[in-house]
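Please read the structure below before turning to the comments.
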Amino acid sequence: MLNRLSSWLLVASITATPALLLTTSSGGSAAFYLAILLCLAVLASAGQCPDLRDYRKLCLAACAPLAVALLSSTLHAGWSNASLERGLRLALGLPLLLAAMQAVGPQRLKHALWGVLAAGWAGTATLLALVRGDLAQRPLTDEYNAVGYGNLLLLFAVITLLSLGWRLTRHARLETAIKLLTLAVTFAGFVLTQTRSGWLAMPVFVALALLVFARIRRPLRLLAAVIGALAVLVALGSLSPSLRDRVEQGLEQYHECKTAPTGDTSICIRLQLWRAAWGMMLDNPVKGVGPSGFAPSLRELAAHGKVSPYVAEGFGEPHNDILEALALYGIPGGVALLLLYAVPALLFMRRLGRDLPQAVRAAAAMGVAVCLGFALFGLTELMFRGMRTVGFYAMLVALFAVLSDPTRHSAQKSQA
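Next comes the structure, spelled out in structure tokens:
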């Protein structure tokens with residue numbers, strides 16, 4: 001009885017996390033820590049030890065950021081509480097979530113997908129409330145900037161699409177209709193944010209959907225299908241005049257940067273930050289500049305005319321996850337972040353085989369979408385800016401690892 005109660009409470013906390021992440025400033029972190037406590041309750045009442053042998057590489061990859069944080073503290077003779085907490089959320093949180101979710105099992109755990117659908121509605125409703133009918137206005141949320149918010153909405157839209165490979169209720173047609181409507185609403189929310197960089201991940205997302213649902217065997221046909229689907233999506237996105245204007249503005253600013261490399265336009269600012277971060281890594285390849293060293297280093301660069309004074313005073317990070325890891329922690333930091341993306345992504349890719357049930361392949365595709373989505377989004381935005389997205393990433397990786405595990409699907413696994 002206790003195990004059943006704690007299992008459903010864990011599922012409820014996972015379900016609530018996506019919407020809390022988009023609508024509150026601290027609800028995502030609170031839900032993560034509640035989930036960790038419930039994991040302990042599930043494991044204590046499970047009556048058997050969890051088997052994580054198949055996930056040893058994944059757990060080791062999750063420990064890499066913590067190891068780098070400890071190394072950085074030693075080399076810089078200083079302590080960063082934020083870096084330590086991020087590392088602990090991954091190193092302890094991911095194995096705990098994996099073990100507890102294994103005990104819960106896919107049949108209960110699959111209902112956490114409703115949380116992603118709910119987050120799509122909640123996020124889009126939040127954006128509509130902010131623009132107040134003026135769809136040309138770019139919404140600015142309290143929880144994230146527009147880019148991060150839009151990226152998360154796009155990821156939720158993709159997971160919603162792939163969730164068509166899972167049957168969550170007995171009412172197949174109604175469920176499919178709800179998911180398709182949610183997909184449209186969530187994608188509209190993404191377009192409403194006028195986020196340009198999120199489109200970089202679109203080819204990967206389209207290819208994943210085609211792999212799961214189209215079962216195209218020939219690579220050239222798959223490529224043609226991806227191009228065709230992308231053309232349709234771009235056409236839909238171009239219906240937004242504001243998004244079209246932002247794309248044109250971005251191209252103009254890029255060309256301006258060639259003659260004015262320290263200009264204070266959106267594109268030039270990013271390029272300055274990226275050059276600065278790369279230079280910091282080259283100057284300190286082993287230890288980086290440290291968790292608190294980016295802003296002071298920027299001010300030094302501004303004094304030498306390498307970045308504008310506005311960039312030096314207004315930005316404390318490079319708007320790029322991998323470059324931040326390299327700048328702050330050197331090459332070890334970059335390697336740790338790449339492992340965090342690549343190890344789970346490879347695990348999920350191995351579960352996309354055509355001989356596996358569609359439910360398994362759909363969950364594996366969701367996992368790939370999370371890992372590669374965060375990696376691609378992180379090229380132009382700091383997706384791991386806050387603690388909440390670090391814990392959320394660990395939660396999603398654990399969730400889709402268990403849902404895509406072929407050995408944990410019963411005779412009812414074909415229900416998708």
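Here the UniProt record's numbering is used: the first residue of the sequence shown is 1, the next is one more, and so on.
No residue lacks a Cβ here, since even glycine has one placed at the ideal position from N, Cα and C.
Do residue i and residue j have their C-beta atoms within less than 8 Å of each other?
i	j	result
glycine 333	alanine 325	yes
proline 344	valine 390	no
alanine 118	alanine 30	no
leucine 92	leucine 192	no
tryptophan 8	arginine 89	no
leucine 21	arginine 388	yes
residue 418	leucine 162	As shown, the chain starts at 1 and ends at 416. That puts residue 418 outside it, with no answer to give.
threonine 262	glutamine 253	no
threonine 15	glycine 148	no
residue 458	alanine 157	Because the chain spans 1 through 416 in this model, residue 458 falls outside it and cannot be assessed.
proline 291	glycine 330	no
alanine 289	leucine 339	With the sequence shown as reference, residue 289 is identified as valine, and alanine is not the correct amino acid for it. Taking 8 Å as the Cβ cut-off, valine 289 and leucine 339 do not qualify as a contacting pair.
asparagine 320	alanine 276	no
isoleucine 267	valine 311	no
alanine 359	phenylalanine 400	no
lysine 110	leucine 347	no
leucine 356	proline 406	yes
leucine 323	tryptophan 274	yes
phenylalanine 190	leucine 154	yes
leucine 52	lysine 287	no
methionine 395	phenylalanine 32	yes
leucine 379	leucine 180	no
proline 241	alanine 136	yes
leucine 98	tyrosine 55	yes
methionine 281	serine 297	no
valine 215	arginine 350	For clarity, residue 215 is arginine in the given sequence; the question names valine instead. Cβ atoms of arginine 215 and arginine 350: not closer than 8 Å.
If residue i and residue j are in contact, beta carbons under 8 Å, what's the gap, nearest whole angstrom?
i	j	result
glycine 198	phenylalanine 374	Actually they do not touch by this definition, with Cβ atoms about 12 Å apart.
threonine 195	threonine 160	18 Å between Cβ atoms; not a contact.
cysteine 59	leucine 94	7 Å
alanine 229	valine 206	5 Å
threonine 124	phenylalanine 392	Actually they do not touch by this definition, with Cβ atoms about 19 Å apart.
asparagine 3	serine 45	4 Å
threonine 23	alanine 122	5 Å
At a cut-off of 7 Å, is residue i close to the ligand PLP when judged by its beta-carbon and the heavy atoms of the ligand?
i	result
aspartate 355	Only the bare structure without any ligand can be found here, which leaves the ligand PLP out of the picture.
If you drop the 5 nearest sequence neighbours on each side, which residues of the same chain put their C-beta closer than 7 Å to that of residue i?
i	result
glycine 105	Arg408
leucine 10	Ala35, Leu38, Cys39, Val42, Ala100, Val104
cysteine 63	Ala91
valine 226	Pro203, Val206, Ala207, Leu210
leucine 71	Pro332
tryptophan 79	Ser73
alanine 12	none
Suppose the cutoff is 6 Å on Cβ atoms and the five residues either side in sequence are ignored; what does the same chain contact list for residue i look like?
i	result
alanine 295	Gly316
proline 139	Leu127, Leu130, Val131
arginine 361	Val212, Leu352
threonine 141	Tyr149
aspartate 134	none
glutamine 412	Confidence at glutamine 412 is low in this model, with a pLDDT of 46, below 50, so the placement of that residue is unreliable and no value is reported for it.
leucine 5	none
leucine 84	Ala69
arginine 87	Residue identity check: residue 87 is glycine in the sequence provided, not arginine. Within the same chain, glycine 87 has close Cβ partners Pro65, Leu66, Ala69.
threonine 371	Here residue 371 turns out to be cysteine, not threonine, going by the sequence shown. So the qualifying residues of the chain are Tyr341, Pro344, Ala345.
methionine 366	Ile159, Leu162, Phe400
threonine 169	Glu175
Just checking: is the beta-carbon of residue i within a distance shorter than 8 Å of some beta-carbon in chain D?
i	result
tyrosine 144	Here there is only one protein chain, and chain D is not present.
For residue i, collect the residues of the same chain with a Cβ closer than 8 Å to its Cβ; drop the 5 residues on either side in sequence, then sort them by chain order.
i	result
lysine 57	Val343, Leu347
arginine 299	Ala312, Glu313
cysteine 257	Gly263, Thr265, Ile267, Cys268, Leu271
glycine 250	Arg196, Ser266, Ile267
Can you list the alpha helix (DSSP H) stretches of 4 or more residues lying completely in the region 95 to 127, in chain order? Within the region 95 to 127, the complete alpha helix (DSSP H) runs of at least 4 residues are 106 to 109.
Please give me, in chain order, every unbroken run of the alpha helix (DSSP H) with length at least 4 that falls completely inside the region 154 to 197. Within the region 154 to 197, the runs of alpha helix (DSSP H) that reach at least 4 residues and sit entirely inside it are, in chain order, 172 to 192.
Give, in chain order, every unbroken run of the alpha helix (DSSP H) that is at least 4 residues long and sits entirely within the region 17 to 72. Listed in chain order, they are 27 to 46.
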